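J.:
Protein chains: 2
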Amino acid sequence: MAKDNGVSLSVIKRLPKYYRYLESINDRGIVRVSSKELSEITGLTASQIRQDLNHYGCFGQQGYGYNVRELMDELSKIIGVDKKYKMVLVGFGNIGHALYKYKSFQDLGYHIDAVFDLEAREANENDPEIVSIEKLPDYLKNNKVDIGIISTPKDASQEVCDILCDGNVDGIWNFSPVDIKTKNDVVLENVHLDESLFTLTYFINSPEDFNF
Amino acid sequence: MAKDNGVSLSVIKRLPKYYRYLESINDRGIVRVSSKELSEITGLTASQIRQDLNHYGCFGQQGYGYNVRELMDELSKIIGVDKKYKMVLVGFGNIGHALYKYKSFQDLGYHIDAVFDLEAREANENDPEIVSIEKLPDYLKNNKVDIGIISTPKDASQEVCDILCDGNVDGIWNFSPVDIKTKNDVVLENVHLDESLFTLTYFINSPEDFNF
DNA sequence: TAGATTGTTAATCGATTAACAATC
DNA sequence: TAGATTGTTAATCGATTAACAATC
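Going line by line, the protein sequences match chains A and B. First residue of the first sequence? That's 1 in the UniProt record's numbering, and the numbers climb one at a time after it. First residue of the second sequence? That's 1 in the UniProt record's numbering, and the numbers climb one at a time after it.
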């Protein structure tokens, strides 16, 4: 089956997980893997894994399974991690600071080109130059930016989101604990730490609710 | 309908969102809200909201809707944010640092009591005391800890997880980009930043895949 | 070839939505 | 009372799992 559009969100959310496991299998030098083996290490069913992958193509071979390296490469193309991405970071508080320093993303080809906050500040040995948020619209006019990261306080995030959308970013990675609205088809992905902690809290208080 | 166990994960994951919106409605001084109004601001259907809430009780009133303050209080009890939580942070890298400084959680009653990392270090004006990870098992023996936060490099996270589980934490909030396994019924909640960024990347490259 | 495992269809299961009687 | 809106059941929709023919 060829590439199929309209893949459901549930499937899409599992792709990074497949990629991650394949990477680690590949790192261990393993060459082939079956959906059954993948099932055992991911905890998903073999059936689901095969069906998920078949939304994008026939990557396996009957009687053999999947070539690890090959499937990994296909997934990297499907997800888009085979490309490089230019990012700007808006909000240099605690989270923003951590994201800026986080090496793994840079290694994967995601690079933060500029950092914006309320107060401009020169670069020093620890931190990058902080550009005044007022200059963000101009920056976006003059530089193609793929992803805007929002790590501002929640009161500012919708406004920043608007600026980023008007500046034609392709996607927004939002860390502020509110639901913001994008326009011009800008893709939004939220990391709601508060919701995550609350979900954890819920289960801590309701151990009987495990119905997995 | 009374409290109903075996609520599905989808429902549970929406509770923090309800709480967040109710909080903001309450802050604006609004006293009553209908499922229809909640539907408009959350983007969920009124039917779903009513059904979700009815897993836990009958909090509304026909012809009126819900009392904002009352529903908020109920939700805070359901989620468990009405209580205080003692946490330890393991791994004082970029993310760990950010989480330590993040004020919002403290205000909500989540407090980081101790920080562990490979190298012990005295407290200074910016940072807390860092205790050697070797002392973590003893610490857990002598202090009740509700939640362990893992923000170590991925190679260390399963080991840290084991120590936390043996030390009888109730839940683990994992920021390392691997799937770890808990034991002794310890609840696990992952924040997989890499997966989140990859999902964003996917949609950036497949704008046609919006089927919401 | 025989064994293994895929790709894909059909069956099942669960979650969401629609509808409406109950009732404030 | 009349209007509004809940709680709850029934209908629909979608996602997961099971099964198996195809085939390496």
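Think of the CB as a built atom: it goes at the ideal place given N, C-alpha and C, for glycine as much as any other residue. All figures in this text were calculated on a predicted structure; none of them were measured in a lab.
In three-state terms, what does DSSP make of residue 71(A)?
T.: helix
J.: Whose C-alpha, out of 138(B), 132(B), 6(B) and 192(B), is nearest the C-alpha of residue 55(B)?
T.: 6(B)
J.: Terminal residues of the continuous alpha helix (DSSP H) containing residue 85(A)?
T.: Counting along the chain, residue 85(A) falls outside any alpha helix (DSSP H), though it belongs to the beta strand (DSSP E) covering 85-90.
J.: What residues of chain A sit near residue 29(B), judged by a beta carbon separation below 8 angstroms?
T.: By Cβ distance, chain A contributes nothing, its closest Cβ being about 17 angstroms from residue 29(B), past 8 angstroms.
J.: Which residues, in chain order, does the stretch 192-205 of chain A contribute to contact with chain B at a C-beta distance below 9 angstroms?
T.: 192, 193, 194, 195, 196, 197, 198, 199, 200, 201, 202, 203, 204 and 205
J.: Would you mind reading off the limits of the alpha helix (DSSP H) that contains residue 188(A)?
T.: Here residue 188(A) belongs to no alpha helix (DSSP H); instead the beta strand (DSSP E) covers 187-190.
J.: Within its chain, find whatever has a CB closer than 7 angstroms to the CB of residue 11(B); leave out the 5 residues flanking it on each side and keep chain order.
T.: 52 and 55
J.: What's the C-alpha gap between residue 50(A) and residue 35(A)?
T.: 6 angstroms
J.: For chain B, check one thing: does any of its Cβ atoms lie closer than 8 angstroms to the Cβ of residue 104(A)?
T.: True, the Cβ-Cβ gap to chain B drops below 8 angstroms.
J.: Quick one: residues in its chain with C-beta nearer than 6 angstroms to the C-beta of residue 128(A), no 5 flanking neighbours on either side, listed in chain order?
T.: 115
J.: For residue 117(A), write down the residues that DSSP places opposite it in a beta bridge.
T.: 132(A)
J.: Please list, in chain order, the residues of the stretch 92-122 of chain A that have any C-beta partner in chain B closer than 9 angstroms.
T.: 93, 94, 95, 96, 97, 98, 99, 100, 101, 102, 103, 104, 105, 108 and 110
J.: Cα separation between residue 139(B) and residue 81(B)?
T.: Going from the Cα of residue 139(B) to the Cα of residue 81(B) covers about 25 angstroms.
J.: Who are the neighbours of residue 170(B) on chain A, taking C-beta pairs under 7 angstroms?
T.: 204
J.: Considering only residues of the same chain and omitting the five flanking positions on each side of residue 178(B), which have a CB-CB separation below 7 angstroms?
T.: Annotation for residue 178(B): 154 and 157 place their beta carbon closer than 7 angstroms to its own, counting only its chain and skipping 5 residues before and after.
J.: Measuring alpha carbon to alpha carbon, tell me which residue in 175(A), 182(A), 196(A) and 194(A) is nearest residue 166(A).
T.: 182(A)
J.: I'd like to know whether the C-beta atoms of residue 200(A) and residue 189(B) end up nearer to each other than 8 angstroms.
T.: yes
J.: Residues in the same chain with beta-carbon distance under 7 angstroms from residue 214(A), minus the five sequence neighbours each way, listed in chain order, please.
T.: Absent from the model: residue 214(A). The displayed extent of chain A is 1 to 212, so no value can be given.
J.: Out of 45(A), 46(A) and 70(A), which has the shortest C-alpha to C-alpha gap to residue 57(A)?
T.: It is 70(A).
J.: Does chain A have any CB closer than 8 angstroms to the CB of residue 148(B)?
T.: no
J.: Of all Cβ atoms in chain B, is any one closer than 8 angstroms to the Cβ of residue 70(A)?
T.: So no, residue 70(A) is outside the interface.
J.: Please confirm if residue 15(A) has its CB atom under 8 angstroms from at least one CB of chain B.
T.: yes
J.: Using the C-alpha atoms, what's the distance from residue 99(A) back to residue 72(A)?
T.: 26 angstroms
J.: What is the DSSP secondary structure of residue 9(B), counted as helix, strand or coil?
T.: Correct three-state label for residue 9(B): helix.
J.: Exposed or buried, which one is residue 152(B) when buried takes at least 16 other CB atoms within 10 Å?
T.: buried
J.: In angstroms with no decimal places, state the Cα-to-Cα distance between residue 120(A) and residue 60(B).
T.: Spanning the alpha carbons of residue 120(A) and residue 60(B) requires a straight line of approximately 49 angstroms.
J.: Could you pull the start and end residues of the alpha helix (DSSP H) that residue 171(B) belongs to?
T.: No alpha helix (DSSP H) contains residue 171(B), which is instead part of the beta strand (DSSP E) from 171-174.
J.: Between which two residues does the beta strand (DSSP E) containing residue 95(B) stretch?
T.: Following the DSSP letters along the chain, one finds residue 95(B) in no beta strand (DSSP E) but inside the alpha helix (DSSP H) bounded by residues 94-101.
J.: When DSSP labels each residue in this structure, what does residue 32(A) get in the three-state scheme?
T.: Per DSSP, reduced to three states, the secondary structure at residue 32(A) is strand.
J.: Rounded to the nearest angstrom, what separates residue 131(A) and residue 66(A) at their Cα positions?
T.: Residue 131(A) and residue 66(A) have their C-alpha atoms some 48 angstroms from each other.
J.: Can a CB atom of chain A be found closer than 8 angstroms to the CB of residue 80(B)?
T.: yes
J.: How many angstroms separate the CA atom of residue 135(B) from the CA atom of residue 125(B)?
T.: 23 angstroms
J.: Please list, in chain order, all residues of the same chain as residue 109(A) whose beta carbon is under 6 angstroms from its beta carbon, the five residues on each side excluded.
T.: 84
J.: Give me the Cα-Cα distance between residue 41(A) and residue 176(B), rounded to the nearest whole angstrom.
T.: 17 angstroms
J.: Residues in the same chain with beta-carbon distance under 8 angstroms from residue 45(A), minus the five sequence neighbours each way, listed in chain order, please.
T.: Here the set comprises 39.
J.: If we cut at 8 angstroms on Cβ distances, does residue 187(A) have a partner in chain B?
T.: yes
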